[in-house]
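Asker: Sharing a structure, written as structure tokens. Questions coming.
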Amino acid sequence: MILVKAGRDQLLVPLAAVCGIIERRHTLPILSNVLIEGGSGGLSFLATDIEIQVTARSKLEGSGEARAVTVGARKLVDILRALPEAAEVTLQLQDKRMQVKSGKSRFSLQTLPADDFPRLAAPAGTSARFGLPQKALRKLLGLVQYAMAQQDIRYYLNGLLILVEDRQLRLVATDGHRLAYASLALDREVPRQEVILPRKTVLELLKLLGDVDDEVGIEISASQAAFSFGNVDLLSKLVDGKFPDFTRVIPTAHPNTLSIDRETLRQALLRAAILSNEKFRGVRWVLTPNNLKIVSSNAEQEEAEETLDVSYGGDTLDIGFNVNYLLDVLNNVAAPQVECSFGDAASSALLCFPAEADFKYVVMPMRI
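Next up, the structure:
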């Protein structure tokens, strides 16, 4: 039976959208598959890793009769990518196998029963429901995602805090050494929710969201978060844990502030990083009135020194930082000017950008 007949890209685009979450190795073989459901209403592709579920729909004409099957996702994607762009493709079910036909090419893929495919249940309980332009959510995620921890034993740091409260959407990420905070005003009142979105979900959203004004519908409950945009639905479980109180981490009264062009500072740090210690990646900032000296050295006693003119009238300071933490924020926040505020050499520094009033970045000092 013919499941669908369509152009290559009509199948490849929705299929590629769901395949990003599929792991290379699974204890359950069916999780390496994609669930394809077809009928008179069109075609849908669904993939899951038990924690995240992504569905992409297509308005392709199906056979009319409702059919569902699961097939190896990576293999099907690879086959479609290897076909010519203008190719017409037929997916046909025959004797518990899927036949992929295009021109004189034929592929026969093993299938597994659709009834055995696991699905996440829909969110239950009180939910916060609201909408944003896709590009607004994508920008907000991009401002903070790099500060998430990776495989930290404190599992609640391996994700991103979403706090909905007082008509504000706040996103916070930290790995214990630095913290990124961004907020956005909402157009309506929604029930308060404070949840932790897993790292993998955040990175998948960044890949799937477009830089467009089309809306993404967001629904956050105590155990799941759902995002709907374009022809894609993403449903994710949440990290079960208590996120640190970020309000206690963000400094509010640092007396010493410097202002500098972001790209000038970024380029100077890139050069200084070349001769920093490969393991600790430390650079020293030596601050004097209207002058910033960035110094790095390594185990071979090689040194780099960058001197920059800055707007600074505070105390003389000598403070160390991990250069990667500084470059991360300067690479991800596209604003012309950056303002850095300091207490003393043992206090965390606060980086703000006048063009991004609702963004803050805190980085802990390191002893060099």
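Okay, so the sequence shown: first residue is 1292 according to this note's numbering, each after it adds one. Glycine is no exception: its CB is placed at the ideal position from the N, C-alpha and C atoms.
Ala1590 by DSSP, collapsed to three states: which one?
Answerer: The count along the sequence shown starts at 1 and reaches residue 1590 at position 299. Looking at Ala1590 - three-state DSSP - the assignment turns out to be coil, as it is neither helix nor strand.
Asker: For the region 1639-1651 against the region 1615-1627, are there 3 or more C-beta pairs whose distance is under 8 Å?
Answerer: Counting Cβ pairs under 8 Å, three or more are found: they touch.
Asker: Specify, as a first and last residue, the run of the beta strand (DSSP E) that Asn1581 falls within.
Answerer: Position 290 of the sequence shown holds residue 1581. Unbroken run through Asn1581: none, as it is neither H nor E.
Asker: Report yes or no: do three or more beta-carbon pairs, one from the region 1598-1606 and one from the region 1504-1511, lie closer than 8 Å?
Answerer: Touching, no, given that fewer than three Cβ pairs across the two stretches are closer than 8 Å.
Asker: Please determine, among Ile1312, Cys1310 and Gln1344, the residue with the shortest C-alpha to C-alpha distance to Gln1515.
Answerer: Taking the sequence shown and counting its residues from 1, the one referred to as residue 1515 is at position 224. If we check each option's Cα against that of Gln1515, Gln1344 comes out closest.
Asker: Between which two residues does the alpha helix (DSSP H) carrying Pro1489 extend?
Answerer: Taking the sequence shown and counting its residues from 1, one reaches residue 1489 at position 198. Taken as a continuous stretch (DSSP letters only), Pro1489 belongs to no alpha helix (DSSP H), being part of the beta strand (DSSP E) at Gln1484 to Pro1489.
Asker: How is Ala1412 classed by DSSP in three states: helix, strand or coil?
Answerer: Your numbering for residue 1412 matches position 121 in the sequence shown. If DSSP states are grouped into helix, strand and coil, Ala1412 belongs with coil.
Asker: Assign Met1292 to one of two classes, buried (16 or more other C-beta atoms within 10 Å of its C-beta) or exposed (fewer than that).
Answerer: Reading the sequence shown from its first residue, position 1 is the one you call residue 1292. Exposed is the call here.
Asker: Return the residue from the list Arg1490, Gly1605, Ser1638 and Ala1413 that minimises the CA-CA distance to Ser1519.
Answerer: Locating residue 1519 in the sequence shown gives position 228, where the first residue counts as 1. Measuring from the Cα of Ser1519, the nearest candidate turns out to be Ala1413.
Asker: Select from Leu1448, Glu1597 and Pro1546 the residue whose C-alpha is nearest the C-alpha of Val1530.
Answerer: Looking up residue 1530 in the sequence shown gives position 239. For the residues Leu1448, Glu1597 and Pro1546, the minimum Cα distance to Val1530 belongs to Leu1448.
Asker: Thinking just about the alpha-carbon of each residue, which of Thr1607, Val1362, Leu1477 and Ala1473 is nearest to the one in Ile1321?
Answerer: Here residue 1321 refers to the residue found at position 30 when the sequence shown is read from its first residue. Ranking Thr1607, Val1362, Leu1477 and Ala1473 by Cα distance to Ile1321 puts Val1362 first.
Asker: Specify the secondary structure class of Asn1568 as computed by DSSP and reduced to three states.
Answerer: Locating residue 1568 in the sequence shown gives position 277, where the first residue counts as 1. In this structure, Asn1568 counts as coil in the three-state DSSP scheme.
Asker: Which first and last residues belong to the beta strand (DSSP E) in which Pro1305 is found?
Answerer: Translated into the one-based positions of the sequence shown, residue 1305 becomes position 14. Unbroken run through Pro1305 is the alpha helix (DSSP H), Arg1299 to Cys1310; no beta strand (DSSP E).
Asker: Who does Val1624 pair with in a DSSP beta bridge?
Answerer: Position 333 of the sequence shown holds residue 1624. In DSSP, Val1624 forms no bridge with anything.
Asker: Suppose the cutoff is 7 Å on Cβ atoms and the five residues either side in sequence are ignored; what does the same chain contact list for Gln1431 look like?
Answerer: What you label residue 1431 is simply residue 140 of the sequence shown in a count that begins at 1. Per the sequence shown, residue 1431 should be read as Leu rather than Gln. Cβ neighbours of Leu1431 beyond the five flanking positions: Leu1462, Ala1473 and Leu1475.
Asker: With a CB to CB cut of under 6 Å and the five nearest residues on each side skipped, what residues in its chain are close to Tyr1652?
Answerer: For the purposes of this step, residue 1652 is taken as residue 361 along the sequence shown, with counting starting at 1. Closer than 6 Å at Cβ, skipping near neighbours: Ala1471, Val1620 and Leu1642.
Asker: Could you check where the alpha helix (DSSP H) with Arg1429 kicks off and where it finishes?
Answerer: Here residue 1429 refers to the residue found at position 138 when the sequence shown is read from its first residue. Gln1425 to Val1435 is the extent of the alpha helix (DSSP H) around Arg1429.
Asker: How about Ala1338 and Val1325: are their beta carbons less than 8 Å apart?
Answerer: Here residue 1338 refers to the residue found at position 47 of the sequence shown. Here residue 1325 refers to the residue found at position 34 of the sequence shown. In this structure, Val1325 lies closer than 8 Å to Ala1338 by Cβ.
Asker: Within 10 angstroms of the Cβ of Pro1546, are there 16 or more other Cβ atoms? Answer buried if so, exposed if not.
Answerer: Within the sequence shown, the letter at position 255 stands for residue 1546. So Pro1546 ends up on the exposed side.
Asker: Quick check on the burial criterion: 16 or more other C-beta atoms within 10 angstroms. Buried or exposed for Thr1538?
Answerer: As a position in the sequence shown, residue 1538 is number 247, starting the count at 1. Exposed.
Asker: Going by DSSP in three states, Asn1324 sits in which element: helix, strand or coil?
Answerer: What you label residue 1324 is simply residue 33 of the sequence shown in a count that begins at 1. Three-state DSSP puts Asn1324 in a strand.
Asker: Is it true that the CB of Val1368 sits closer than 8 Å to the CB of Val1380?
Answerer: By one-based count along the sequence shown, residue 1380 stands at place 89. By one-based count along the sequence shown, residue 1368 stands at place 77. No, Cβ-Cβ distance for Val1380 and Val1368 is not below 8 Å.
Asker: By how many angstroms is the C-alpha of Leu1428 removed from the C-alpha of Ala1415?
Answerer: Position 124 of the sequence shown, counted from the first residue, corresponds to residue 1415. Position 137 of the sequence shown, counted from the first residue, corresponds to residue 1428. Rounded to the nearest angstrom, the two C-alpha atoms are 23 Å apart.
Asker: Let me confirm a value: Pro1656 is counted as buried when at least 16 other C-beta atoms fall within 10 Å, else exposed. Which label applies?
Answerer: Residue mapping note: residue 1656 aligns to position 365 of the sequence shown, counting from 1. Buried: at least 16 other Cβ atoms inside 10 Å.
Asker: With a threshold of 8 Å on Cβ separation, who are the neighbours of Gln1459 within its own chain once the five nearest residues in sequence on each side are excluded?
Answerer: As a working note, residue 1459 is residue 168 in the sequence shown. Closer than 8 Å at the Cβ level, and outside the excluded window around Gln1459, lie Ser1474, Leu1475, Ala1476 and Leu1477.
Asker: Taking buried to mean at least 16 other C-beta atoms within 10 Å of its own C-beta, is Arg1553 buried or exposed?
Answerer: Numbered from its first residue, the sequence shown carries residue 1553 at position 262. Classification for Arg1553: buried.
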